[in-house]
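Accompanying notes for the structure given below.
2 protein chains.
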Amino acid sequence: MTQALAGFRPARRTPAEPVPLIQALHRVPAGPVAAPHALPGFARSTVDGYAVRAVDTYGVSDGLPGYLQLTGAVLMGAQPSVTVGPGTAVSMPTGGVLPPGADAVVMVEYTQQVMPGTVEVVRPVAPGEGVVRADEDAAPGAELVPAGRPLRAQDLAMLAAAGVTTVTAYARPRVTVFSTGDEVVPPETATLRPGQVRDATAVALAAMAAEAGGEPVLSGIIPDDPRALEAALRAALAASDLVVISAGSSVGARDETAGVVGRLGTIWCHGIAVKPGKPTLLAECDGVPVIGLPGNPRSALVVFRLLGVPLVRLVGGCTVPPAEPSVRARLARDLPSAAGRLDVVQVRVAGGVATPVFGLSALLSVITVADGYVIIPEEATGLDAGTEVDVTIYR
Amino acid sequence: MTQALAGFRPARRTPAEPVPLIQALHRVPAGPVAAPHALPGFARSTVDGYAVRAVDTYGVSDGLPGYLQLTGAVLMGAQPSVTVGPGTAVSMPTGGVLPPGADAVVMVEYTQQVMPGTVEVVRPVAPGEGVVRADEDAAPGAELVPAGRPLRAQDLAMLAAAGVTTVTAYARPRVTVFSTGDEVVPPETATLRPGQVRDATAVALAAMAAEAGGEPVLSGIIPDDPRALEAALRAALAASDLVVISAGSSVGARDETAGVVGRLGTIWCHGIAVKPGKPTLLAECDGVPVIGLPGNPRSALVVFRLLGVPLVRLVGGCTVPPAEPSVRARLARDLPSAAGRLDVVQVRVAGGVATPVFGLSALLSVITVADGYVIIPEEATGLDAGTEVDVTIYR
Numbered sequence: 252m253t254q255a256l257a258g259f260r261p262a263r264r265t266p267a268e269p270v271p272l273i274q275a276l277h278r279v280p281a282g283p284v285a286a287p288h289a290l291p292g293f294a295r296s297t298v299d300g301y302a303v304r305a306v307d308t309y310g311v312s313d314g315l316p317g318y319l320q321l322t323g324a325v326l327m328g329a330q331p332s333v334t335v336g337p338g339t340a341v342s343m344p345t346g347g348v349l350p351p352g353a354d355a356v357v358m359v360e361y362t363q364q365v366m367p368g369t370v371e372v373v374r375p376v377a378p379g380e381g382v383v384r385a386d387e388d389a390a391p392g393a394e395l396v397p398a399g400r401p402l403r404a405q406d407l408a409m410l411a412a413a414g415v416t417t418v419t420a421y422a423r424p425r426v427t428v429f430s431t432g433d434e435v436v437p438p439e440t441a442t443l444r445p446g447q448v449r450d451a452t453a454v455a456l457a458a459m460a461a462e463a464g465g466e467p468v469l470s471g472i473i474p475d476d477p478r479a480l481e482a483a484l485r486a487a488l489a490a491s492d493l494v495v496i497s498a499g500s501s502v503g504a505r506d507e508t509a510g511v512v513g514r515l516g517t518i519w520c521h522g523i524a525v526k527p528g529k530p531t532l533l534a535e536c537d538g539v540p541v542i543g544l545p546g547n548p549r550s551a552l553v554v555f556r557l558l559g560v561p562l563v564r565l566v567g568g569c570t571v572p573p574a575e576p577s578v579r580a581r582l583a584r585d586l587p588s589a590a591g592r593l594d595v596v597q598v599r600v601a602g603g604v605a606t607p608v609f610g611l612s613a614l615l616s617v618i619t620v621a622d623g624y625v626i627i628p629e630e631a632t633g634l635d636a637g638t639e640v641d642v643t644i645y646r
Numbered sequence: 252m253t254q255a256l257a258g259f260r261p262a263r264r265t266p267a268e269p270v271p272l273i274q275a276l277h278r279v280p281a282g283p284v285a286a287p288h289a290l291p292g293f294a295r296s297t298v299d300g301y302a303v304r305a306v307d308t309y310g311v312s313d314g315l316p317g318y319l320q321l322t323g324a325v326l327m328g329a330q331p332s333v334t335v336g337p338g339t340a341v342s343m344p345t346g347g348v349l350p351p352g353a354d355a356v357v358m359v360e361y362t363q364q365v366m367p368g369t370v371e372v373v374r375p376v377a378p379g380e381g382v383v384r385a386d387e388d389a390a391p392g393a394e395l396v397p398a399g400r401p402l403r404a405q406d407l408a409m410l411a412a413a414g415v416t417t418v419t420a421y422a423r424p425r426v427t428v429f430s431t432g433d434e435v436v437p438p439e440t441a442t443l444r445p446g447q448v449r450d451a452t453a454v455a456l457a458a459m460a461a462e463a464g465g466e467p468v469l470s471g472i473i474p475d476d477p478r479a480l481e482a483a484l485r486a487a488l489a490a491s492d493l494v495v496i497s498a499g500s501s502v503g504a505r506d507e508t509a510g511v512v513g514r515l516g517t518i519w520c521h522g523i524a525v526k527p528g529k530p531t532l533l534a535e536c537d538g539v540p541v542i543g544l545p546g547n548p549r550s551a552l553v554v555f556r557l558l559g560v561p562l563v564r565l566v567g568g569c570t571v572p573p574a575e576p577s578v579r580a581r582l583a584r585d586l587p588s589a590a591g592r593l594d595v596v597q598v599r600v601a602g603g604v605a606t607p608v609f610g611l612s613a614l615l616s617v618i619t620v621a622d623g624y625v626i627i628p629e630e631a632t633g634l635d636a637g638t639e640v641d642v643t644i645y646r
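Protein chains in written order, with our numbering: chain U, 252 to 646; chain B, 252 to 646.
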């Protein structure tokens, strides 16, 4: 499993495309974006008050105020029409342009207009105080956002401030999702015939692929027939950056899937040391990574989260995956595990205690009642009750 | 702040609407969804093997195998055409319907077809072994998903399995975002005149609103003119579930905003004990919650994350907000804080150490270089270097 995660690194990357800033949340920049000019671009007041020469305020105090001549006012969004000379002050709004000659802004709280045209100052300011330098938020050419890290809300703000309204980002990977199995019918099937089950997996895989930044394409249900699967897979490869097959649940159906995938490309591994998830297949066909998932919906969801989501991100150029929520909790009971096998255990979490949810891997309810999961690494032979574990929380 | 978070609970909720399952990830069910029938709906094999009467396997072992007569095979997705009587076995694929008369399935690994028509069994099975009961995943009427919790991928799988392809969910709250200020120009402005700044906040607020499940509406930039703001606010109230105003940065502009909001509704609070974020306004106008944010983009983003995101969720019916990623880290240096004021400190995190990023609240770069933030609660007067803190990680 760790092997599978670390070792299978297909080379495919989606091409770069222009994305309007307003749609760019969580999109992955294909290169770093540099500031086209200094930000904010002009020296700006950070407070409401008076622009002054700092030297004119030295030594003033409540007991010994200084007096400056008020020579004008700066208006928001406008070039100052006055300069600040010795012994003078100009009224400033927060965010206004520092007028020529001034090197600091005294907060209005430390001043008083004792008579029209005269400002009393009771606190000294140092040069630069109350002011943002013209390049203090970004120097020209400074990196505003790095390549490979999905854009966060504040990154969009910074790009907007710099006038960057289009970002060159990796295209969303097209993730084609198939289901296979003679017993599988579409979710909208109102009445099942005996032995039929609705396709539970595809819609959940599509959701996870979308969450990982992909563009899911639901390609329906393929019967247990190698020729049908081969035709579907060939068509999908041409139009996909990643293909996901929820394989049939029986050994025979899985072997058929492997046979078809093997004919169209190279199988990287078939069978991983993960519970649940053993019969997973990883392959590359025509430069497109292919994942064959176990037939049990729950196993398929567990494996896709562990292996598929990182693959979607990789193909989509994401080198800094976003953090997943997690909590530390104490295990409510012993968790046995075979060494050499990674176990994914569903848990409920309450009051700092993680209670494992057990049940057959065929049961979806095990994962829908869970709040998150605990991973027992390959080298461990189980965890004792009371052990502190990291629970990854579903969202 | 805690006060503001806990106390301001506007009653507005969006109406319920039908949402196709395929678009329902993270949507909030308006009521619990019950299983319309038992799931999987029939007793199913969980292994490849042979359906048997468990009693016929009692006492068998490698040294003393049992022999059963093979009377047929169950096909995937089909009603069994055979029954299992005493001394007989029927071949089963994983997921097949348990035939009448059988109460267990022996794994193929513990059997051998010694001659055509005869199955050798070397391990006993108990009744129910190798089988999922017809209602084991969900009994008819069982709650598949609760109301108020955003749907996760596995919830969609469970609903699909049950044939529920449309979910009744709260409509996404329409979140109207205004910016105000004579100095503020649209992000696409190529060349700024002296004193102008591009609107950095609106696109980031829209992104956060969307992430919280809202439907953002960017309503542009309003000049510092109470009549213009009043007209814009009136129009927005009629079409919004929540209105967000990035107020002007100067005291005068903020007072004007408060004046307009006060004329159209009830101001719940103006000024909160949060740094950065003091000049925040919370109000309700015509049954629509209104948030007035500080003029500094960074302060606006911090406050919207703390107060706005929970409001979007509240109005959208979300009673179980998704977990945010966080890490425990040790503070690299002392963090001073005034008691009675909640401080939001931006930090970088590496190797278990959280290093505060300091800088004027006018600087966006402070939050774009940060990995997350630490909250110093109101009652604390600062945190010492080395203190273990929870860092909420941006994503």
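Think of the CB as a built atom: it goes at the ideal place given N, C-alpha and C, for glycine as much as any other residue. Given the structure is predicted, the values throughout are model-derived calculations rather than measurements.
Residue burial classification, Asp-433 (chain B) (beta-carbon count within 10 angstroms, cutoff 16): Here residue 433 (chain B) refers to the residue found at position 182 of the second sequence. Buried: at least 16 other Cβ atoms inside 10 Å.
Min CB distance Ala-421 (chain U) to chain B below 9 Å: To locate residue 421 (chain U), count along the first sequence from 1; it is residue 170. Reading off the sequence shown, one finds Tyr at residue 421 (chain U), where the question assumed Ala. With 9 Å as the cut-off, Tyr-421 (chain U) does not count as an interface residue toward chain B.
Contact the segment 264 to 275 of chain B vs the segment 624 to 644 of chain U: 3+ CB pairs below 8 Å: no
Min CB distance Phe-293 (chain U) to chain B below 9 Å: The sequence position of residue 293 (chain U) within the first sequence is 42, counting from 1. Judged by the 9 Å Cβ criterion, Phe-293 (chain U) is in contact with chain B.
Contact belief for Gly-300 (chain U) with Met-358 (chain U) at Cβ below 8 Å, rounded distance in angstroms: To locate residue 300 (chain U), count along the first sequence from 1; it is residue 49. To locate residue 358 (chain U), count along the first sequence from 1; it is residue 107. Yes, Gly-300 (chain U) and Met-358 (chain U) are in contact; Cβ-Cβ is about 5 Å, under 8 Å.
Cross-chain neighbours of Gln-330 (chain U) in chain B, by beta carbon under 9 Å: One-based indexing of the first sequence puts residue 330 (chain U) at position 79. Neighbours of Gln-330 (chain U) on chain B, chain order: Arg-444, Pro-445 and Gly-446.
Listed by chain order, chain U residues near Arg-278 (chain B) by CB distance under 7 Å: Taking the first residue of the second sequence as 1, we reach residue 278 (chain B) at position 27. Going along chain U, no residue has its Cβ under 7 Å from Arg-278 (chain B), so there is no contact; the nearest lies around 11 Å.
Neighbourhood of Pro-337 (chain U) by C-beta, 7 Å cutoff - its chain only, sequence neighbours within 5 removed: Within the first sequence, numbered from 1, the residue matching residue 337 (chain U) stands at position 86. Answer for Pro-337 (chain U): Arg-304 and Asp-307, listed in chain order.
Range of the contiguous beta strand (DSSP E) that encloses Gly-513 (chain B): On the second sequence, residue 513 (chain B) is found 262 positions in, with the first residue counted as 1. First-last for Gly-513 (chain B): 502 to 515, but that is the alpha helix (DSSP H), not the beta strand (DSSP E).
Three-state secondary structure (DSSP) of Gly-623 (chain B): As a position in the second sequence, residue 623 (chain B) is number 372, starting the count at 1. The answer is strand: DSSP assigns Gly-623 (chain B) an E or B state.
Proximity to Asp-388 (chain B) [Cα-Cα], best of B:Leu-484, B:Ala-483 and B:Arg-295: Mapped onto the second sequence, residue 388 (chain B) falls at position 137. Looking at the Cα atoms, B:Arg-295 is the closest of the given residues.
Three-way DSSP call (helix, strand, coil) for Thr-308 (chain B) in this model: If you number the second sequence from 1, residue 308 (chain B) lands on position 57. If DSSP states are grouped into helix, strand and coil, Thr-308 (chain B) belongs with the helices.
Closest Cα partner of Val-580 (chain B) within the set B:Gly-610, B:Tyr-624, B:Ser-616 and B:Ala-422: Within the second sequence, residue 580 (chain B) is the residue found at index 329, counting from 1. Here residue 580 (chain B) is Ala; the residue named in the question, Val, does not match the sequence. When each option's Cα is compared against that of Ala-580 (chain B), the closest is B:Tyr-624.
7 Å Cβ cut-off: residues of chain U touching Gln-320 (chain B): Residue mapping note: residue 320 (chain B) aligns to position 69 of the second sequence, counting from 1. Near Gln-320 (chain B) there are no residues of chain U at all, since even the closest Cβ is about 23 Å away, more than 7 Å.
For Met-358 (chain B), the three-state DSSP class (helix, strand or coil): Against the second sequence, residue 358 (chain B) aligns to sequence position 107. DSSP places Met-358 (chain B) in strand when its eight states are reduced to three.
Helix, strand or coil at Leu-315 (chain B) [DSSP, three-state]: Here residue 315 (chain B) refers to the residue found at position 64 of the second sequence. Of the three classes helix, strand and coil, the one that applies to Leu-315 (chain B) here is coil, per DSSP.
Minimum length 3: unbroken beta strand (DSSP E) runs contained in the segment 437 to 510 of chain B: 466 to 473 and 493 to 497
Between the CA atoms of Gly-522 (chain B) and Gly-379 (chain U) - distance to the nearest angstrom: Here residue 379 (chain U) corresponds to residue number 128 of the first sequence, with the count starting at 1. Here residue 522 (chain B) corresponds to residue number 271 of the second sequence, with the count starting at 1. In a straight line, the C-alpha of Gly-379 (chain U) is about 27 Å away from that of Gly-522 (chain B).
Chain B contact residues for Ala-398 (chain U), given Cβ-Cβ distances below 9 Å: The count along the first sequence starts at 1 and reaches residue 398 (chain U) at position 147. Ordered by position in chain B, no residue passes the 9 Å Cβ test against Ala-398 (chain U), which lies about 15 Å from the chain.
Residue range of the beta strand (DSSP E) that includes Pro-607 (chain U): As a position in the first sequence, residue 607 (chain U) is number 356, starting the count at 1. Note, Pro-607 (chain U): beta strand (DSSP E), 604 to 607.
CB contact flag (Arg-556 (chain B), Pro-530 (chain B), <9 Å): Taking the second sequence and counting its residues from 1, one reaches residue 556 (chain B) at position 305. Taking the second sequence and counting its residues from 1, one reaches residue 530 (chain B) at position 279. Not in contact: Arg-556 (chain B) and Pro-530 (chain B) (Cβ atoms no closer than 9 Å).
Terminal residues of the beta strand (DSSP E) in which Leu-532 (chain B) lies: For this step, residue 532 (chain B) is matched to residue 281 along the second sequence. Its beta strand (DSSP E) spans residues 532 to 536.
DSSP three-state assignment for Arg-599 (chain B), whether helix, strand or coil: Numbered from 1 along the second sequence, position 348 holds the residue referred to as residue 599 (chain B). If DSSP states are grouped into helix, strand and coil, Arg-599 (chain B) belongs with the strands.
Inter-residue spacing [alpha-carbon to alpha-carbon] between Val-566 (chain B) and Ala-479 (chain B): As a working mapping, residue 566 (chain B) is identified with position 315 in the second sequence. As a working mapping, residue 479 (chain B) is identified with position 228 in the second sequence. Cα-Cα distance, rounded: 27 Å.
Asp-585 (chain B) - containing alpha helix (DSSP H), residue span: Counting from 1 along the second sequence, the entry for residue 585 (chain B) is found at position 334. Here Asp-585 (chain B) belongs to no alpha helix (DSSP H), and DSSP marks it neither H nor E.
Alpha carbon of Gln-447 (chain B) to alpha carbon of Ala-412 (chain U), nearest angstrom: The residue labelled residue 447 (chain B) in the question sits at position 196 within the second sequence. The residue labelled residue 412 (chain U) in the question sits at position 161 within the first sequence. Each residue's Cα considered, the two are about 11 Å apart.
Delimiting residues of the beta strand (DSSP E) encompassing Val-539 (chain B): Here residue 539 (chain B) refers to the residue found at position 288 when the second sequence is read from its first residue. 539 to 544 is the extent of the beta strand (DSSP E) around Val-539 (chain B).
Check whether Arg-278 (chain U) and Gly-464 (chain U) have beta carbons under 9 Å apart: The residue given as residue 278 (chain U) occupies position 27 in the first sequence. The residue given as residue 464 (chain U) occupies position 213 in the first sequence. Taking 9 Å as the Cβ cut-off, Arg-278 (chain U) and Gly-464 (chain U) qualify as a contacting pair.
Given Leu-593 (chain B) as reference, the closest of B:Lys-526, B:Pro-316 and B:Leu-410 once Cα atoms are compared: Indexing the second sequence from 1 puts residue 593 (chain B) at position 342. If we check each option's Cα against that of Leu-593 (chain B), B:Lys-526 comes out closest.
Cβ pair count under 8 Å reaching 3, the segment 388 to 401 of chain U against the segment 316 to 333 of chain U: no
Opening and closing residue of the alpha helix (DSSP H) in which Val-418 (chain U) lies: Stepping through the first sequence from its first residue, residue 418 (chain U) is reached at position 167. Not the alpha helix (DSSP H): Val-418 (chain U) falls in the beta strand (DSSP E), residues 417 to 421.
Interface partners of Tyr-301 (chain B) on chain U, CB under 9 Å: Within the second sequence, the letter at position 50 stands for residue 301 (chain B). Residues of chain U passing the Cβ test: none, with the nearest at roughly 13 Å.
C-beta contact flag for Thr-416 (chain B) and Pro-438 (chain U) at 9 Å: By 1-based counting over the second sequence, the position of residue 416 (chain B) is 165. By 1-based counting over the first sequence, the position of residue 438 (chain U) is 187. Yes; because the gap between Cβ atoms is below 9 Å, this pair is in contact.
Assumed close pair Val-617 (chain B), Val-604 (chain B) - CB separation to whole angstroms, cut-off 8 Å: Translated into the one-based positions of the second sequence, residue 617 (chain B) becomes position 366. Translated into the one-based positions of the second sequence, residue 604 (chain B) becomes position 353. The Cβ separation is near 18 Å, so there is no contact.
Cutoff 6 Å; reference Pro-572 (chain B); Cβ partners in own chain excluding five residues on either side: Indexing the second sequence from 1 puts residue 572 (chain B) at position 321. Cβ neighbours of Pro-572 (chain B) beyond the five flanking positions: Arg-564.
Gln-405 (chain B) in three-state terms, based on DSSP: Translated into the one-based positions of the second sequence, residue 405 (chain B) becomes position 154. Of the three classes helix, strand and coil, the one that applies to Gln-405 (chain B) here is helix, per DSSP.
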